Structure formats: C-alpha cells, structure tokens
C-alpha cells in the first residue's frame, strides 16, 4: 500500500492505510488530526475544555456543529427503539460508577439511573437545550461516527481506497473490489483470534464485556438498573457505515438482533459468556469452533 | 459449522417445548438420564409450572419432545444438566428417520454446541484484527494502580 499513518488520538491508536499515492502526506495527516481534535473538543467528556464538560456544569441553550445532526438523530432513533436502554444521558451513571474523566474507577455510594431524554435535554438542530446540567456521553456512537467523518475527508481528497482502524473499529472502502481479512480478537487472549471476516466497502465494530472493566462494572451500563449487562463476552457488527456498526454493538447488549434487524441492515456475531456463538445468516465470516 | 440462524431459531422453539417437559419430569437420584416420553403441551411460560419457587433442583433431566413437521409427527430427545439454576450441558439426540427432519435436527444439534476457540494470530492469514484490546492507556494505568492498592 502507498501510505500508512499511525498515531494516537481520542485515547486510542489509529492506523490509516491509503492504497494510492498521496501528493502531500503531511498536509493530509494534519487535516485528519485536526478533524479528530475538533470533534473531540465538542463531544468528549474526558477533557475540561469540551462543550460536553461545559454542558455538564451549566444549563442553557447550546449551538451544536453541523456534524451533530446525523449522530444525534441516530441516538434519538435508538433511544426510542430500545425503550431508552441506549441513551447519551448515560454519562452521569458512568461517572457515578467510577468511569469519570480521571478514571477514578471508584463507584460512588449512590449510582444514579439515567435521566429521561425529554426531561433533561431538547434537541432541535442545531440547538441543544440543556434543561438541567447533565453529563452526556457519546461513546456508543462517537468513535464510529468520527471514523466515518475521517473517511469522508479522505474521499473529499479523491481517495477511495483506504482502511481506517481506530482501536479495532474499522472502515474500509475500495474502488476495485479489494477484500479486507479481519481477525476477530479473542477477548480472553489478545494473541489469538476466534474467527475471520472478509469485508469490502463495509465497516466492522466490536465490543467486549471484559474490557474497560472494574469491580462489577464494564463500560456499558443499563440506564434503568445501573448495572452492567452480563452474558455477552464479545460481539461484532458489520454494516456499511461505521457509526451504525458502532451504535449497534452497544444496542445489542440490551436488545435482540432480530429486533434491531427490523429497522437496520447489518450482520452480527455474538459470543456469549459460555463461549457459544450466535451469528446472522449472511455474516461475512466464520468463527473457529 | 452451519451458520443458519433460522435452524437455530426453529431448533430453539423445539428446545423451548422440550424444556417445558422438564418442569414435569423428576430428576433421577443417581444422576442417570431418565427417558420419559411426554407429549409437550405445556407452554414454557406457564406460571403455575415455573413460578412457585423459581428454583430447580440440580440434576440431569431428559425427555423426548414431540412436534409436527410437514412430513408428519416427529420426536427429538433432549437432555439437560441443571446446576444452580443454570444449564451446564445439553445433549440433543436426533431421532428422526425422515431425511429433511433429520437434517434440521442435526443442524440444531450442531448449533446448540458451537463453542468458539481461539487460534494464534500468527497462524491465520489476516490483514488486521478487530477487537477492543486498545483500551485507553489512562484507563489501564488507573486499573493497575487500583488493583495494586486492592481497592476493588
């Protein structure tokens, strides 16, 4: 391949493979990092200078950037479709559980359940009315969406053959039918894979119940029970857009794949705590059994 | 391994029906499988069958489930091991002589016990790996410190 960028951003490692000659590599890499930082500065709850941090301290009316529209729409759709289980208002619960900006990992005595969307915020693009200070968390869709935005940046620069890998969430595009062979990491052994997937012009995202785990929690918490769902060891979703694949990896901890397939087009593989596996009919890969 | 989730769903329906039988069956005290041919008429969610204590005695339960296939009446043997309210083992004994039913019963039997195993990354031809190994460094550091202090 012609160009590879590797760097750290939003707390994870990025690799971007570009299968074409790039006239100004430095210029392109700067543009990519700038795009990522710009996104992070709005939506991250881990930096003191972000809009999300400001909204967690002060009620009021905020103007969101253009890219908010697509992400907030999907959040609202999934919020309604999952009966509130998938929600950007999970931030306060995550913080109470210990997953705060300083990674204290010390659960508070009382862990608050997530507020109802309409009770806490009102979104009419570009205005977000924060009725009471609330810690929003865009982690369920944010990284996947940012990968799509970086992909768009590449495509606006006439690059149509590339792979973006940000911490294991991957978007691949090809103009000549290239297949990407993706190994599915064994959540219990990073030196192993439990399957292989082949994608072409698709995205794949994974999520595991044993990473970012502390005490009785992991990074996904049920907004109604304030507990982390058990039972799923890891799962992967293949969809065209990375933001959808990312969103569904969280939604699948709460809702069955059959239900989500009524509304969204995707393939999935879910490995349960007992190592049994459930896959969609056309999942583009095989798991080793 | 078949990945036909339609077979799994159809098979799960059969299993669900077979499971209903266990609420009526008695565990054998010597832990042998007891084959009790019982016609499955009790729905799994029948409150009178399931809610009394909400707890099942450990043991091995077996039964033969009967169902109607387009080819006629079929039966399938199911054996479960229950320990602490959890199914720890399942054995499906296909009994069909009908070719189509036999294929579905075999498919179900295969899918019920499809457990994943890991293979070394070096042994597989891959372009990239998808996983969640790349936890934020800050998180890992915090976790290491906390574990060292035994706070969790």
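Protein chains in written order, with our numbering: chain A, 643 to 931; chain B, 30 to 181. Positions of the beta carbon are idealized from the N, C-alpha and C atoms, including for glycine. On a predicted model such as this, the values are computed, not experimentally measured, just so you know.
Cβ-based neighbour list, residue 724(A), same chain, cut-off 8 angstroms, excluding 5 preceding and 5 following: Residue numbering aside, residue 724(A) sits at position 82 when the first chain is read from its first letter. These residues qualify, in order along the chain: 893, 896, 897.
Buried versus exposed call for residue 38(B) [16 or more other C-beta atoms within 10 Å across all chains shown]: What you label residue 38(B) is simply residue 9 of the second chain in a count that begins at 1. Any reading at residue 38(B) is ruled out, since the residue's pLDDT is 45, under 50, leaving its predicted position unreliable.
Ranges of the alpha helix (DSSP H) found wholly within the region 777-809 of chain A, counting only runs of at least 4: 781-798
C-alpha gap between residue 825(A) and residue 105(B), whole angstroms: Working through the first chain from its first residue, we reach residue 825(A) at position 183. Working through the second chain from its first residue, we reach residue 105(B) at position 76. Each residue's alpha carbon lies about 37 angstroms from the other.
Proximal residues of chain B, C-beta to C-beta of residue 805(A) below 9 angstroms: As a first step, residue 805(A) is located in the first chain; it is residue number 163 there, counting from the start. 156, 157, listed in chain order.
Contact list for the region 83-112 of chain B against chain A, Cβ threshold 7 angstroms: none
Residue 872(A) beta carbon less than 9 angstroms from that of residue 845(A): Walking along the first chain from the start, residue 845(A) turns up at place 203. Walking along the first chain from the start, residue 872(A) turns up at place 230. Taking 9 angstroms as the Cβ cut-off, residue 845(A) and residue 872(A) do not qualify as a contacting pair.
Close Cβ partners of residue 932(A) (< 6 angstroms) along its chain, the five nearest in sequence each way excluded: No answer is possible for residue 932(A): the residues shown for chain A start at 643 and end at 931.
Euclidean distance between Cα positions of residue 911(A) and residue 806(A): Taking the first residue of the first chain as 1, we reach residue 911(A) at position 269. Taking the first residue of the first chain as 1, we reach residue 806(A) at position 164. The straight-line gap from Cα to Cα measures roughly 21 angstroms.
Three-way DSSP call (helix, strand, coil) for residue 106(B) in this model: The sequence position of residue 106(B) within the second chain is 77, counting from 1. If DSSP states are grouped into helix, strand and coil, residue 106(B) belongs with the strands.
Which of helix, strand or coil DSSP assigns to residue 97(B): The residue you call residue 97(B) lines up with position 68 of the second chain. Three-state DSSP puts residue 97(B) in a strand.
Secondary structure of residue 681(A), DSSP reduced to three states: As a first step, residue 681(A) must be located in the first chain, where it is residue number 39. The answer is helix: DSSP assigns residue 681(A) an H, G or I state.
When 771(A), 710(A), 753(A) are compared against residue 760(A), the one with the closest alpha-carbon: To locate residue 760(A), count along the first chain from 1; it is residue 118. With distances taken between Cα atoms, residue 760(A) lies closest to 771(A).
Distance, residue 158(B) Cα to residue 868(A) Cα: To locate residue 868(A), count along the first chain from 1; it is residue 226. To locate residue 158(B), count along the second chain from 1; it is residue 129. Their Cα atoms are separated by approximately 31 angstroms.
Cβ of residue 844(A) within 9 angstroms of any chain B Cβ: As a working note, residue 844(A) is residue 202 in the first chain. It does not; no Cβ of chain B falls within 9 angstroms.
Pairwise C-alpha distance: residue 110(B) and residue 144(B): The residue given as residue 144(B) occupies position 115 in the second chain. The residue given as residue 110(B) occupies position 81 in the second chain. Cα to Cα, the separation comes out at about 17 angstroms.
Residues in the region 674-699 of chain A having any Cβ partner in chain B nearer than 9 angstroms: 688
Supposed close pair residue 755(A), residue 729(A) - CB separation, criterion 8 angstroms: Walking along the first chain from the start, residue 755(A) turns up at place 113. Walking along the first chain from the start, residue 729(A) turns up at place 87. With a Cβ gap of about 10 angstroms, residue 755(A) and residue 729(A) do not count as contacting.
Chain B contact for residue 651(A) (CB, 9 angstroms cutoff): The residue labelled residue 651(A) in the question sits at position 9 within the first chain. So, not an interface residue.
Per DSSP, the bridge partner or partners of residue 942(A): A question about residue 942(A) goes unanswered here, because the residues of chain A that appear run from 643 up to 931.
Backbone CA spacing between residue 878(A) and residue 848(A) [nearest angstrom]: In the first chain, the residue the question calls residue 878(A) occupies position 236. In the first chain, the residue the question calls residue 848(A) occupies position 206. Residue 878(A) and residue 848(A): Cα-Cα distance of roughly 4 angstroms.
Enclosing beta strand (DSSP E) for residue 649(A) [first to last residue]: Residue mapping note: residue 649(A) aligns to position 7 of the first chain, counting from 1. Looking at the DSSP string, the run of the beta strand (DSSP E) that includes residue 649(A) is 645-651.
Inside the region 723-767 of chain A only - beta strand (DSSP E) runs reaching at least 3 residues: 763-766
9 angstroms Cβ cutoff met for residue 831(A) and residue 147(B): Within the first chain, residue 831(A) is the residue found at index 189, counting from 1. Within the second chain, residue 147(B) is the residue found at index 118, counting from 1. Their beta carbons are under 9 angstroms apart, which means residue 831(A) touches residue 147(B) by this criterion.
Distance, residue 90(B) Cα to residue 748(A) Cα: What you label residue 748(A) is simply residue 106 of the first chain in a count that begins at 1. What you label residue 90(B) is simply residue 61 of the second chain in a count that begins at 1. Approximately 44 angstroms, taken between the alpha carbons.
Sheet register partners of residue 660(A) (DSSP bridge): For the purposes of this step, residue 660(A) is taken as the residue at position 18 of the first chain. DSSP lists 645(A), 804(A) as partners of residue 660(A).
Where residue 823(A) meets chain B, residues with beta-carbon distance less than 7 angstroms: As a first step, residue 823(A) is located in the first chain; it is residue number 181 there, counting from the start. 154, 155, 156, listed in chain order.
Any chain B beta carbon closer than 9 angstroms to residue 638(A): The displayed coordinates of chain A run from 643 to 931. Any statement about residue 638(A) would go beyond what the structure contains.
Distance between residue 809(A) and residue 656(A) (C-alpha atoms, nearest Å): Along the first chain, read from residue 1 onward, the residue named residue 656(A) stands at position 14. Along the first chain, read from residue 1 onward, the residue named residue 809(A) stands at position 167. Taking the straight line joining both Cα atoms gives about 6 angstroms.
Pick from 717(A), 781(A), 659(A) that is closest to residue 765(A), judged by C-alpha positions: Position 123 of the first chain holds residue 765(A). That would be 717(A), whose Cα lies nearest to the Cα of residue 765(A).
Partners in chain B for residue 759(A), counting only beta-carbon separations shorter than 9 angstroms: Residue mapping note: residue 759(A) aligns to position 117 of the first chain, counting from 1. Simply none; closest approach about 27 angstroms.
Three-state secondary structure assigned by DSSP to residue 873(A): Residue mapping note: residue 873(A) aligns to position 231 of the first chain, counting from 1. DSSP places residue 873(A) in coil when its eight states are reduced to three.
CA nearest to the CA of residue 822(A), picked from 840(A), 835(A), 758(A): Locating residue 822(A) in the first chain gives position 180, where the first residue counts as 1. Out of 840(A), 835(A), 758(A), 840(A) has the C-alpha closest to the C-alpha of residue 822(A).
Start and end residues, beta strand (DSSP E) containing residue 838(A): Here the question's residue 838(A) lines up with position 196 in the first chain. It spans 831-841 - the beta strand (DSSP E) in which residue 838(A) sits, taken as one unbroken run.
Expected contact under 8 angstroms - CB spacing of residue 733(A) and residue 687(A) to nearest Å: Position 91 of the first chain, counted from the start, is the residue given in the question as residue 733(A). Position 45 of the first chain, counted from the start, is the residue given in the question as residue 687(A). About 6 angstroms separates the two Cβ atoms, so the contact holds.
Span separating the alpha-carbon of residue 833(A) from that of residue 153(B): Here residue 833(A) refers to the residue found at position 191 of the first chain. Here residue 153(B) refers to the residue found at position 124 of the second chain. Looking at the two C-alpha atoms, the distance is approximately 11 angstroms.
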